[in-house]
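Undergrad: Mind having a look at this structure? Questions to follow.
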Amino acid sequence: MECCCCDEKEPCTAKISIFQQLDRASQEEISNIATHREIKKGQMLFTPDDNHGLYLISSGRVKVYEITASGKEYLLQVLLAGDFVGEEALFSKEQTYTYGEALSDGRVCFIDRADFMDLLTKHPSISLKLLEEFSKRMRHNAHQIATNAEPVQARLAEYLLNLSVAQDSDSFEIPLQLKELSSYLGTTPETLSRKLRALEKQEIIRRQRRTITILKKQKLKTDATSIG
């Protein structure tokens, strides 16, 4: 199927790390077996009952989360253009417990589990790239667990610095609402608001709604140094 939702200059698969090593013909082949659709802010991308393939984020933002036994939402990650999700369901027949919800309008491509398994046979290099991504995510998850024992200010400082690096700018937009960010950082919205106001008062950052400008990067790095 022609990818009507993606950039006409290149197939959507060209933006995804596990497919970037493939030649253009192979990327187009994979794009042609994918299902392409536009999503709206607030729309559910998948639930534990229908997570049966790989989702490629062509544009927009998607949050991935679980619901605890008490009904509380626990944010796992925020996906941006070029990211993918659904790999757990590819290699296990057990039900996953994750939800995917659009944080903004965007475009998503979906590859069914059976089709993706065929791709791994035809293009073994994808398997190696998947292993690399699994390793990165395991390290990230381990680091997240370790940082939960650190002060909220240190976790917040590291998060802002990482966003600055990812967007290659000292001025950037936080892709999460306050409630979602507090969940991701393992704190409460009230505590997070206080910490942000404290950074503003010290003129370490400037905040305009969800846009953050880092004014004193070295001081912010000092706040994050307690995290190994």
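Under our numbering, the letters of the sequence shown match residues 21 to 248, in that order. All C-beta atoms in this analysis are idealised placements derived from N, C-alpha and C, irrespective of residue type, glycine included.
(1) In this structure, what does DSSP give as the bridge partners for T231?
(2) Which same chain residues end up closer than 7 Å to T207 when comparing Cβ atoms and leaving out the 5 residues on each side of it in sequence?
(3) Straight-line CA distance for L176 to D69?
(4) So for Y94, helix, strand or coil by DSSP?
(5) Can you find at least 3 beta carbon pairs, one from the segment 108–117 and one from the segment 196–207, that sit closer than 8 Å?
(6) Are Q41 and A34 touching if we call contact CB-CB under 8 Å?
(7) For K241, which three-state DSSP category applies?
(8) Using a Cβ distance threshold of 8 Å, determine whether the segment 126–143 contacts the segment 157–166, with at least three qualifying pairs required.
(9) Who are the near neighbours of K236 in its chain, counting only those whose CB is closer than 6 Å to its CB and skipping five residues on each side?
(10) Rounding to the nearest angstrom, what Cα-Cα distance links M158 and G102 in this structure?
(11) With DSSP run on the structure shown, which of helix, strand or coil describes A263?
(12) Would you check if there are 3 or more beta carbon pairs closer than 8 Å linking the segment 121–131 to the segment 45–59?
(13) By the 10 Å Cβ neighbour count, where 16 or more other Cβ atoms means buried, how is G248 classified, buried or exposed?
(14) Return the CA-CA distance between Y179 and Y117, expressed in angstroms with no decimal places.
TA: On the basis of the coordinates in this document:
(1) DSSP lists E193 and Q228 as partners of T231.
(2) Same-chain partners within the cutoff: V172.
(3) Cα atoms of L176 and D69: separation of roughly 33 Å, rounded to the nearest angstrom.
(4) Three-state DSSP puts Y94 in a strand.
(5) A contact is defined here as three or more CB-CB pairs under 8 Å, and the segment 108–117 fails this definition with respect to the segment 196–207.
(6) No, they are not a contact pair.
(7) Annotated three-state conformation of K241 is helix, per DSSP.
(8) Taking 8 Å as the limit for Cβ pairs, the verdict is that the segment 157–166 does not touch the segment 126–143.
(9) Counting only Cβ-Cβ distances below 6 Å, and skipping sequence neighbours, we find I224.
(10) Each residue's Cα considered, the two are about 19 Å apart.
(11) This structure leaves residue 263 out entirely; the chain is present only between 21 and 248.
(12) Contact holds: three or more Cβ-Cβ distances are below 8 Å.
(13) For G248, the predicted structure reports a pLDDT of 44, less than 50, and the residue's modelled location is therefore unreliable. The matter cannot be settled from this model.
(14) The alpha-carbon atoms of Y179 and Y117 are separated by roughly 25 Å.
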